[in-house]
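Residue numbers (this note's numbering), protein chains in the order written: chain C, 3 to 270; chain G, 300 to 568; chain Z, -3 to 243. Note that CB positions come from ideal geometry on N, CA and C, so glycine has one too. Since we're looking at a predicted model, the values are computed, not measured.
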């Protein structure tokens, strides 16, 4: 097991966290089993694993949305007990407020910070421009395509300037082309405004491409199986064809494949 | 995954749940009895719960309750059954045949939201004050939600499903019975679930206004004789009848729709 | 224009058949006054002011009862969905009373509150509150957790989430419940006024019917039916506008 915490301050510290949930019928299921993980300040970390491995659950626990039954999660040295604007989140299905326009969605969090009206509008516009949604400020979410909805959700979260960005398979509901464009854009935004990012995905290539480190999780009950360094000398689209990228994807894929088969076969 | 928190907390509350669930009803009933005995209200305005229950038991023993209940349920269920059969048939015809659609669509769209009880004196004029008048009033009120739901359900059937059946060799006649009806069933049942309480409400109203026999008529008679335990006993009996009918319909719906996802879904409350 | 006319031709046909049938004597005038006689009766009721007077009384009762039912029902339903003690206390009571045919309350309301406005307003309030409560409860319970989580992580407090997220997200179901309640309010209003009242459209129908003035009675019956229909259509327009975001 490769463990390389230590260098750089920890933005998020997960220690010995277990999580059980009660399904509709039957006994409690152990979703996470003594998971420990450190996310460094301003790093891009991907949580990768087969479906049902508890990677989203871990993200929700960091977000403070679920009660932490066993173990400890610290963000910025403080124990997590409830959601807060220091941890922005982007969901797979966008979670835009459908009765608010794009602008009203983006302004929502800014209003909660008590900013004056014109400052809210100015900042909202800045982030709407950043995600290239200019011209759609007054559209309702129902009028937007999937990719545009996800841009709006991203703008809403980025606008409140959270230190940490939690992303729950944010591009999972998009078609392949939109997905590639959004990955590019996320990277370019991240390079301009460095934040700590925890990015949940089941797509090996996406994880290796976007993240600096990939934490591979095992099938249920979820544990951290291995953390793989995925920083490369090449960057941009050329990376996809570089031998070191292909080799690293292959390595991670082999780690995940065994777990995916275990999950499919109902080995639990 | 999203409801994990709710589930865990529900799990802890589950033990207390049963006790507390009936708890608030018991509190209300005890409150009624105490309030009635406190002397704040006269026995005429608020008879004690015990005297009302005694009256219900008395009605049950004398057979009057059984008689009234069966008459009221007979009218409500008969009216509902006619409305259901005619409403589903008419709904399918409206949805499938353009000329029938032309003829009935404006009538249904105006008749559905219209307060049809206003026609009660007209029905009395035409059909008298006995069963014919009461049952036809019930049919008139209960048929509109059935027609509307059937039309919407039939028109909403996924055309790919019909195409699949056709390419699998189904004939037009089979498609109606084997594909359209089952696919529209959830919505039709929803329409029927609106129609049944309507039938009961109207059955009680017709009995209150036209008199005769039945739970509503006995109740309004008690009210005329200033027999307030009788009025309250009537409410208890009518509420029990309503509860019985609606719970049995919910049970039937679950049986008919085992394949539907709503039945598979976990109910938390 | 022609399309609309063609669409509503069957309704015109009904009135034409009505007039022709009664004029020729195929339908007994005793059972059904001629359509033209009904129209004439309606005009004279309007001129005499009776129709407006009774309609005003009825509409006031309906609005008051329904308005109270909407405010109390929505509040109770949303709180039941998201505040556990409220749910524990009120859910059994709501479940117990929901299936009760609401018209059974008419004699008790008369017993308690007499023949005037109060008995009708309270009847409509009690009868319409439960459908609104249940739709608000179901709507609020069905709100996607991610919407609530998003709002919380954007800095909203629990109270703000209830008002700014759960209430608007539940609005489609609440508005549908109110539509049911609107129809029910007319039923309860008219039937309670038919049973016993001193004014109101239901009272007027009963009074004219007892007096054998059938043309006038039909005129009022059709007025009530028309009012119910118009109220529903107006409400539907309002509902569509406030749910424009759903596209």
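When C-beta distances to chain Z are compared with 9 Å, the residues of the stretch 421 to 433 of chain G below that value are 421, 423, 424, 425, in chain order.
The stretch 24 to 44 of chain Z makes contact with the stretch 196 to 212 of chain Z, as at least three CB pairs between them are under 8 Å.
In the three-state reduction of the DSSP assignment, residue 25 of chain Z falls in the coil class. Counting other Cβ atoms within 10 Å of its Cβ, residue 432 of chain G reaches 16 or more and is therefore classed as buried. In its chain, beyond the 5 residues on either side, 20, 223, 225 have a beta carbon closer than 6 Å to the beta carbon of residue 35 of chain C. Secondary structure of residue 44 of chain C (DSSP, three-state): coil. In the DSSP assignment, residue 135 of chain Z falls within the alpha helix (DSSP H) that extends over 113 to 137. A residue is called buried when at least 16 other Cβ atoms come within 10 angstroms of its Cβ; residue 509 of chain G meets this threshold and is buried. For residue 159 of chain Z, the closest C-alpha among the options Z/63, Z/220, Z/78 is that of Z/78.
In the DSSP annotation of this structure, residue 151 of chain C is not part of any beta strand (DSSP E); the continuous alpha helix (DSSP H) holding it starts and ends at 148 to 161.
Taking 8 Å as the Cβ-Cβ cut-off, the stretch 138 to 150 of chain Z approaches chain C at 140, 141, 142, 143, 145, 146, 147, 148, 149, 150, given in chain order. If you ignore the 5 residues before and after residue 37 of chain C, its C-beta comes within less than 7 Å of the C-beta of 16, 19, 60, 224, 225, 226, all in its own chain and listed in chain order. Per DSSP, residue 231 of chain C is one residue of the beta strand (DSSP E) stretching across 226 to 231.
Spanning the alpha carbons of residue 142 of chain Z and residue 93 of chain C requires a straight line of approximately 7 Å. For residue 114 of chain C, the residues of chain Z that pass the 8 Å Cβ criterion are 150, 151, 152, 156, in the order they occur in the chain. Closer than 8 Å to the CB of residue 97 of chain Z there is at least one CB belonging to chain G. CA-to-CA, the gap between residue 11 of chain C and residue 172 of chain Z works out to about 53 Å. Pairing residue 32 of chain C with residue 71 of chain C, the inter-Cα distance amounts to about 11 Å. The three-state secondary structure of residue 23 of chain C, taken from DSSP, is strand. Under the Cβ criterion of 8 Å, residue 86 of chain C is counted among the residues facing chain Z. Using a CB distance cut-off of 8 Å, residue 416 of chain G counts as an interface residue toward chain Z. Under the 10 Å beta carbon count, residue 440 of chain G is surrounded by 16 or more other beta carbons and is classified as buried. In the DSSP assignment, residue 217 of chain Z falls outside any beta strand (DSSP E) and within the unbroken alpha helix (DSSP H) covering 210 to 238. The stretch 132 to 150 of chain Z makes contact with the stretch 62 to 80 of chain Z: 3 or more CB pairs, one atom from each, lie closer than 8 Å. Within the model, the alpha-carbon separation for residue 151 of chain Z versus residue 199 of chain C is close to 19 Å.
For residue 345 of chain G against residue 334 of chain G, the beta-carbon gap comes to about 7 Å, under 8 Å, which counts as contact. Chain-ordered listing is empty here: chain Z has no CB closer than 7 Å to the CB of residue 71 of chain C, the nearest sitting near 18 Å. Under the three-state reduction of DSSP, residue 39 of chain C is assigned to strand. What residue 119 of chain C touches in chain Z, judged by beta-carbon distance under 7 Å, is nothing: the nearest beta carbon there is about 17 Å away.
When Cβ pairs closer than 8 Å are counted between the two stretches, the stretch 411 to 430 of chain G is seen not to touch the stretch 473 to 488 of chain G, the count staying below three. Distance check between residue 375 of chain G and each of G/455, G/442, G/447 places G/442 closest, using alpha-carbon atoms only. Taking the beta carbon of residue 508 of chain G as reference, the chain Z residues within 8 Å of it are 187, 190, 191, listed in sequence order.
Neighbours of residue 321 of chain G in chain Z, taken as residues whose beta carbon is under 8 Å from its own, are 88 in chain order.
The beta carbons of residue 527 of chain G and residue 343 of chain G sit about 5 Å from each other, so the pair counts as a contact at 8 Å. Take residue 58 of chain Z, set aside five residues on each side of it, and the residues of its chain with a beta-carbon closer than 6 Å to its own are 181, 185, in chain order. About 19 Å separates the beta carbon of residue 39 of chain C from that of residue 206 of chain C, a gap too long to meet the 8 Å contact definition.
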